[in-house]
Structure formats: C-alpha cells, structure tokens
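Each residue of the sequence shown is one higher than the last, beginning at 5 in this note's numbering. Every residue, glycine too, gets a C-beta built ideally from N, C-alpha and C. Since the structure is predicted, the reported quantities are computational estimates derived from the model, not experimental observations.
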Amino acid sequence: MPSRLKDKWVLITGASSGFGAAASRAFGAEGAKVLLGARRLDRLEQVTLEARQAGAAEAHFHVLDVSQTASVETFVAWAKVQISRAPTADAGLHVLINNAGGAQGLDSVLAGKDEDWEVMMQSNVLGVLRMTRAAVPLMPHHLGATILNIGSLAGRVAYEGGAAYCAAKAGELQITRCLRLELNGTGIRVSSIDPGLARTEFATVRFKGDEARVNKLYEGTQPLVAEDIAEILVWVASRPPHVNIDEMLIKPVDQAAIHKVFRRQ
Ligand SMILES: NC(=O)c1ccc[n+]([C@@H]2O[C@H](COP(=O)([O-])OP(=O)(O)OC[C@H]3O[C@@H](n4cnc5c(N)ncnc54)[C@H](OP(=O)(O)O)[C@@H]3O)[C@@H](O)[C@H]2O)c1
C-alpha cells in the first residue's frame, strides 16, 4: 500500500537538528514534500539534501525564528507559495510539526535567570501558538491534516531545576488540548508527542556547550535517539483520517520514571 503521506506537504520547525532533522528524513522517506525551518541555515541546507536523498517528493528550507512573530509570518507566507505550486485538490498543508524548542540551564527557581526563562517560554510556548495561528489556515478540513506538537515528559512530571522548562512543556500540552477543542469539527487532528530522555543536541544547548555535563546525563544508560521519535511522528500522521492520537509519552526502557534511570556500571 502506498504511504498516506506520499506527496503531502509537511512543515517541520526546528528541522536543523535532533528530532526535527530525523523527522525531515523520515517524512522524506514516505515520499512527502517537506518544508523545513530553523535559524541555522547551513544545517538546514544539509538536512534538506538528506530529506531529498531519503525520497522526499520535494524538500525546501527557509530561515525561521519561532520567537519572532514577523519571522513566523514570513516563513508561513513562503510556505504558502511553495504549497500553491502543487495542483492537486488536497494541496494544503497536511502536517504541521511544532518541534522547535528546548531547555536553557538547570537552575533552581531561586537561581534562575530571566534570559533563560524568556528563551524557553518564547520557543516552547509562544512559538507553538504563533506557528499554529499562522499555519492552520493552510490546512485542509476533513482530509486527515495533523498538528504534531512536541512536548516532553517534563510537561507531565516536575524535577528540581526544571521549573521553567516543565512549565513551558506543560503549557505546550494544554495548548494542544485547547486546540483540539477549538478545531473540533474541522477534521484537523491534534497530538502531543512527549519524549523522555533522548540524545540529540538538547543537552548541549541546555548546558551551554558543557560536554562533561552532557556526557554525565547519558552515562551508562541508553537514551532514545532522534529516529525513534521521527518514526512515531510518521506513524501518528499516517493513521486513518478519523483517528486522533491525542497524547503519547515515549521513554527509553532504562527510564522508568523521571528520577529513576537505570545506569550500567
Ligand atoms: N532531547 C530530549 O531529551 C527531549 C525530550 C523531550 C522533548 N524534547 C523537545 O524536542 C524538541 C526538539 O529538541 P531536540 O531534542 O531535537 O533538540 P535539538 O537537537 O537541540 O533541536 C532543537 C531544534 O529546535 C530549533 N530551535 C530552537 N529554538 C528555535 C527558534 N527560536 N526558532 C526556530 N527553531 C528553533 C533548533 O534549531 P536552530 O538552533 O537552528 O534554530 C533545533 O533545530 C524540543 O521542543 C525539545 O524541547 C527533547
């Protein structure tokens, strides 16, 4: 059976690394048409090439900073131009993946820095709102179009030093739930995909390049890899159009709970 995603337009934010880059390749392998955004253009160019090599019917990239409304609007206007070149009836945006985001620091609330909190709220919360507001008008109704928001285990369980990130991802989860109510009757599906410990550039960003701290986080344990999440995003987006996967929590088997991670000696 041909993939339900073949020739469908898929927009991925934060496509320059980690889950977003892996999703670009995975949707590409389904024969989808991918529109990729992030701030690092050199990385995006490389991922675009990889998506084409994986089998994408089309792959294009454009600079995107989800923390800036003007950048989001320019990006979506560009995406609309790309999509309008496709002559098929369901040529709208089929999948929107709100993936751009991450954590900054692991400070307690008392030691927290405004600049870290602001970055986390801007990308993980306001970025999702802005992108969704701009892109949903491009999505066709009653054809299985899907919004996939990347949440986190952190949005469901608190941990020391995680206050702003946990709050931001709890915000993402509630945005997803509100949106599902607001879009009821349109046939547009809305999901929150919430990973636990995964090895991407996430920890390098969180610890501001301190690789000793990054290595300690993953020491002796087997985290998820970006491809694990990309595979799930493809699966969720390719369910029959009447099926909505509301929320999915994915953890490595070594992570029984946020504070209980098995580590080999
Ligand atoms: N890895 C984990 O353990 C884990 C677990 C649960 C959830 N998550 C979530 O998964 C998502 C992807 O993270 P990842 O693990 O793949 O980390 P990553 O490798 O650091 O990727 C983060 C991506 O987000 C982009 N990004 C960040 N801020 C942006 C902005 N203002 N505008 C546009 N793009 C922006 C980055 O691109 P540029 O820097 O090029 O803009 C990059 O492509 C994030 O929402 C993260 O919070 C990660």
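With DSSP collapsed to three states, give me the class of residue i.
i       : result
Asp-120 : helix
Ala-74  : helix
Ser-88  : helix
Leu-266 : Checking the displayed sequence, the identity of residue 266 turns out to be Phe instead of Leu. Residue state, collapsed to three classes: coil.
Lys-212 : coil
Arg-167 : In the sequence as displayed, the identity of residue 167 is Ala instead of Arg. In the structure shown, Ala-167 sits in a helix (DSSP, three-state: H, G or I).
Leu-97  : strand
Ser-28  : helix
With respect to 7 angstroms, is the separation between the Cβ of residue i and the closest non-hydrogen atom of ligand 1 below this value?
i       : result
Val-229 : no
Leu-7   : The sequence shown places Ser at residue 7, not Leu. Because no heavy atom of ligand 1 lies under 7 angstroms away, the Cβ of Ser-7 does not count as near it: no.
Ser-20  : yes
Asp-69  : yes
Thr-204 : yes
Asn-128 : yes
Pro-199 : yes
Ile-154 : yes
Phe-23  : yes
Gly-213 : no
Asn-219 : no
Thr-180 : no
Thr-225 : no
Ala-138 : no
Arg-275 : Absent from the structure is residue 275, since the part of the chain shown begins at 5 and ends at 269.
Would residue i and residue j qualify as a contact pair, given that the criterion is a beta-carbon distance under 8 angstroms?
i       : j       : result
Gly-35  : Ala-61  : yes
Glu-176 : Ser-196 : yes
Lys-255 : Leu-157 : yes
Thr-180 : Asn-219 : no
Gln-259 : Leu-201 : yes
Ala-230 : Thr-204 : yes
Leu-15  : Ala-63  : no
Rounded C-beta distance between residue i and residue j? I'm assuming under 8 angstroms.
i       : j       : result
His-145 : Ile-192 : 7 angstroms
Val-238 : Leu-9   : 7 angstroms
I'd like to know if the stretch 124–132 and the stretch 70–77 are in contact, where contact means that at least 3 CB-CB pairs between them fall below 8 angstroms. Counting C-beta pairs closer than 8 angstroms gives three or more between the stretch 124–132 and the stretch 70–77, which meets the contact rule.
Tell me whether the stretch 223–230 and the stretch 39–53 touch, counting them as touching only if at least three CB pairs, one residue from each stretch, are closer than 8 angstroms. no
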